[in-house]
Amino acid sequence: MALPAVEVSQSPEEKFREYLASRPDLKRFSAPQKELVSHIFARHKHFDTNELLDDLREAGRAVSRATVYRTLKLLVDAGLLRKIEIGPRTVFDHDYGYPAHDHLVCTQCGIMIEFLNDKLDDVLQDVASEHRFQTEGRSLVIRGVCSNCNAARAVKRRLVM
Numbered sequence: 078m079a080l081p082a083v084e085v086s087q088s089p090e091e092k093f094r095e096y097l098a099s100r101p102d103l104k105r106f107s108a109p110q111k112e113l114v115s116h117i118f119a120r121h122k123h124f125d126t127n128e129l130l131d132d133l134r135e136a137g138r139a140v141s142r143a144t145v146y147r148t149l150k151l152l153v154d155a156g157l158l159r160k161i162e163i164g165p166r167t168v169f170d171h172d173y174g175y176p177a178h179d180h181l182v183c184t185q186c187g188i189m190i191e192f193l194n195d196k197l198d199d200v201l202q203d204v205a206s207e208h209r210f211q212t213e214g215r216s217l218v219i220r221g222v223c224s225n226c227n228a229a230r231a232v233k234r235r236l237v238m
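Offset between the sequence shown (1-based) and my numbering: plus 77.
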């Protein structure tokens, strides 16, 4: 299921510029950062740093590895991206312009399936309220085996029998 985009008042670039301007300790919005923000938000896709570097290279965009690492951290701090830890791998997901959502991750093939569930939202809100806990976000990752990998395992079991 593709997540519906949420209407936002600013583009990701404008939001990032605003964040950088609010932090006097940070430098101005550089051309490589602009390239990076433009590339990342051109499509909704989960990615790790190496995938992003490969995508940038294939797209002919010249952004250094150091700039990518620094900018990803700033985009997370600015609330534009969120980090999702999946075992030893860190994946980035759009947090700005999309509704709060969670992920199913297949332990066999690594596919990430995004989902929305109002009942889950209600349960999490009830738990937070019960503990007088002010939430600032969440990252729920449910690990398991996707339907394609389950089907492949079933076929393999039938062949072995």
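No residue lacks a Cβ here, since even glycine has one placed at the ideal position from N, Cα and C.
message = So, for ARG138: in the same chain, excluding its five sequence neighbours on each side, which residues have a beta-carbon less than 7 Å away from its beta-carbon?
response = Within the sequence shown, residue 138 is the residue found at index 61, counting from 1. Excluding residues within five positions, the ones whose Cβ falls inside 7 Å are GLU112, HIS116.
ask   = From SER141 to ASP199, what does the alpha carbon distance come to, in whole angstroms?
value = Residue 141 sits at position 64 when you count from the first residue of the sequence shown. Residue 199 sits at position 122 when you count from the first residue of the sequence shown. One alpha carbon belongs to SER141, the other to ASP199, and they sit about 43 Å apart.
key: Residue span of the alpha helix (DSSP H) that contains ARG147, given as start and end   = In the sequence shown, the residue the question calls residue 147 occupies position 70. Residues 142-154.
ask   = Would you call PRO89 buried or exposed, if buried means 16 or more other Cβ atoms sit within 10 Å of its Cβ?
value = Along the sequence shown, one-based indexing puts residue 89 at 12. Label assigned to PRO89: buried.
ask   = beta strand (DSSP E) containing ASP170: first to last residue?
value = By 1-based counting over the sequence shown, the position of residue 170 is 93. First-last of the beta strand (DSSP E) with ASP170: 166-171.
Sheet register partners of GLU191 (DSSP bridge) = Here residue 191 corresponds to residue number 114 of the sequence shown, with the count starting at 1. HIS180.
message = Taking DSSP's pairing of strands, which residues face PHE124 in a bridge?
response = Counting from 1 along the sequence shown, the entry for residue 124 is found at position 47. By DSSP's assignment, PHE124 forms a beta bridge with PHE169.
Per-residue DSSP class, three states only, for LYS59 = It is not possible to answer for residue 59, since the shown part of the chain is limited to 78 through 238.
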